[in-house]
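Using the numbering used here, the first residue of the sequence shown is number 1, and each one after it goes up by one.
Here a beta-carbon is modelled for each residue, glycine too, at the ideal position from N, C-alpha and C.
It should be emphasised that the depicted structure is a prediction, and the values quoted were computed from it without experimental measurement.
Below is one structure; the comments refer to it alone.
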Amino acid sequence: EAEADAMIAGLRKGETLASLAAAKNLSAPEVPNVPRGAPVPEAAATEAYFEVPPPAAGKVSPGKVTLADGRILVFAVSKVTPGDPKDATEAQRTQLRQQLAQAAGIEDAQAMLEAQRKRAKITVVEERL
1 EAEADAMIAG
11 LRKGETLASL
21 AAAKNLSAPE
31 VPNVPRGAPV
41 PEAAATEAYF
51 EVPPPAAGKV
61 SPGKVTLADG
71 RILVFAVSKV
81 TPGDPKDATE
91 AQRTQLRQQL
101 AQAAGIEDAQ
111 AMLEAQRKRA
121 KITVVEERL
């Protein structure tokens, strides 16, 4: 984690991610145009990309995230393209409404399941699985 913090400090000083990674024999591929929700390399990383503030002109917004396997990913957001709902087609809007409804349904089902588990005693009989 200290190495990741040092790399972020270097990025804030104006060093490039490529040069910082090369100095440590690490790869730093450029991954342009990452949309929200894309698993690049996994969903938690994409969430982290969108949590950093948009970079100032000519600068980057660095960040880090711990991946599921324990590795730390250091990243630098160089450009943010704000979305405009007016640019979405009717088909895209319909698809988004469906996705949001599905996500809300999943959250409701999980909340109900958690509430049921708190009220009931659950016994798992391993040999019957």
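Count the other CB atoms within 10 Å of the CB of residue i; is the residue buried (16 or more) or exposed (fewer)?
| i | result |
| --- | --- |
| SER27 | exposed |
| ALA45 | buried |
| LEU100 | exposed |
| LEU129 | exposed |
Look at the Cβ atom of residue i, then the Cβ atom of residue j, and state whether they are nearer than 8 Å.
| i | j | result |
| --- | --- | --- |
| ALA4 | LYS64 | yes |
| PRO54 | VAL80 | yes |
| MET7 | VAL74 | yes |
Would you tell me roughly how many angstroms separate the C-alpha atoms of residue i and residue j, rounded to the nearest one?
| i | j | result |
| --- | --- | --- |
| ALA56 | ALA9 | 16 Å |
| VAL125 | VAL77 | 49 Å |
| ALA193 | ALA48 | The first residue shown for the chain is 1 and the last is 129, placing residue 193 beyond what the model contains. |
| GLU114 | ILE106 | 12 Å |
| PRO85 | PRO62 | 27 Å |
| PRO39 | PRO82 | 20 Å |
| THR123 | MET112 | 19 Å |
| ALA43 | GLN98 | 20 Å |
| THR89 | GLN95 | 10 Å |
| VAL31 | ARG119 | 46 Å |
| ARG117 | GLU127 | 21 Å |
| ARG71 | GLN110 | 29 Å |
| ASP87 | THR16 | 33 Å |
| LEU11 | GLU1 | 15 Å |
| PHE50 | ALA104 | 21 Å |
| ARG93 | ASN33 | 20 Å |
Going by beta carbon distance, what residues of the same chain come within less than 8 Å of residue i, once the five residues before and after it are set aside?
| i | result |
| --- | --- |
| ALA68 | GLU42, ALA44 |
Within its chain, find whatever has a CB closer than 6 Å to the CB of residue i; leave out the 5 residues flanking it on each side and keep chain order.
| i | result |
| --- | --- |
| ALA21 | ALA28 |
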